[in-house]
Amino acid sequence: MLIFDGHNDVLTELSRVGGRAAAPGFLTGLPGQMDLPRAQAGGFGGGFFALWSRSDGLTDFSGLGVEYDVPLPDPVPDTQAWEMIRAQADTLVALEELGALRICTSTAQIARARADGVVAAILHLEGAEGIGPDFYELEELYALGLRSLGPVWSRPNAFGHGVPFRYPSGPDIGPGLTERGRALVTRCEELGVLVDLSHLNLAGFRDVAAISKRPLVATHSNAHALVPHARNLTDEQLRIMAESGGLAGLNYESTFLRPDGRPDDDIPPSFLLAQLDHLIDQLGEEGVGLGSDFDGCTPPKWLNTVDKLPALVQAMERHGYPPALIERLCWGNWMRVLSEVWRETRP
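Be aware that the sequence shown starts at 931, since it is given in the numbering used here, and climbs by one per residue.
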């Protein structure tokens, strides 16, 4: 069973160890959660490769209480953010040149990469820091293959406000998109770039829903009804997404999976399956996929590297999901929603 995945941060991991110069290491082995040998061993057929401008002060999850609100790192100035984002995009291009993956801008290209046994990569921007008011940088990334963008990471920026790493909490935190944020979503809508709802607060989510005429997608987000973390989606949000024909990708982060919100990787498969059950109940069998957040999260111990993905498929089988549903969750649903967002088919 091949898996198409809604989010990974391997480019951020590579940026820590040398960026483009470290790209060959992806082919032989990296210290993080994902590289090519382990991706091939785990049946990872492709997914969203995120560009992200990392702050110098990393988010600290140590010493959390029963309730918590983790201080976020400072915003990254646009010039510095653009340098990091552009460098990570160059690293992805280097991976393609090395034959490690293929940057895809259509589902037909993804299908060809799958047939050729090559990892299919969607260029994604997580948090639009570095994108100036004239959107020149957006157009440059689009020319490189960008086809997915999240206006914010959790920290606020010029486009809107994200949700903090807060438990327990809902996403109704702060104002919606700024004027510049609404213009960005409109431009993405014109280009056919997927607008990722993950990390957006409720007001920003509603703003995107009011602008977009395409399926609403949260590439790596879970259900708030089961785990009341600010990063998880409420049933109201899931209903709005379902009405648009949208999709949510299951995130493997422990604090979004454990009912107690703890950063503890002792997590049974039943917690992930409960999330899948609820998302399917709210979004339908065609509205749920996978969105690991590899190299950007603390997954369950039994699923903490990409080569362990077969364990998740086996858990789905033991849970009683039929083969056709498992195929949709692992691959087909992503192809359906991408085809619609990218204007290949009518929604």
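Glycine is no exception: its CB is placed at the ideal position from the N, C-alpha and C atoms.
Just so we're clear, the structure is a prediction, and the values are computed from it rather than from any experiment.
DSSP places residue 1000 within a strand segment (E or B) once states are collapsed to three. Look at residue 1249 here: in three-state DSSP terms it is helix. Taking 3 residues as the shortest admissible run, the region 1178 to 1226 contains the following complete beta strand (DSSP E) segments, listed from N- to C-terminal end: 1218 to 1220.
With contacts defined as CB atoms closer than 7 Å, residue 979 and residue 933 fail to qualify as a contacting pair. Distance check between residue 1160 and each of 1101, 1171 and 1228 places 1101 closest, using alpha-carbon atoms only.
By the neighbour-count definition (other C-beta atoms within 10 Å, threshold 16), residue 996 is an exposed residue.
The count of Cβ pairs closer than 8 Å, one atom from the region 1209 to 1227 and one from the region 933 to 943, reaches three, so the stretches are in contact. Between residue 1187 and residue 972, the beta carbon gap of about 19 Å keeps them out of contact (Cβ cut-off 8 Å). In this structure residue 1258 is in contact with residue 1215, their Cβ atoms being roughly 6 Å apart against a cut-off of 8 Å. In the three-state DSSP reduction, residue 1080 falls in the strand class (E or B).
Excluding the 5 residues flanking it on each side, residue 1057 has same chain C-beta neighbours closer than 7 Å at 982, 983, 1080, 1082, 1083 and 1087, in chain order. In this structure, DSSP gives residue 1258 a helical state, which the three-state scheme calls helix. For residue 1049, there is no enclosing alpha helix (DSSP H); the enclosing beta strand (DSSP E) has its first and last residue at 1049 to 1056. By DSSP's assignment, residue 1153 forms a beta bridge with 1163. For residue 977, DSSP records a beta bridge to 935 and 1051. With a cut-off of 8 Å on Cβ pairs, the region 1066 to 1079 is not in contact with the region 955 to 972, counting fewer than three such pairs.
Taking every protein chain shown into account, the CB of residue 1120 has fewer than 16 other CB atoms within 10 angstroms, so this residue is exposed.
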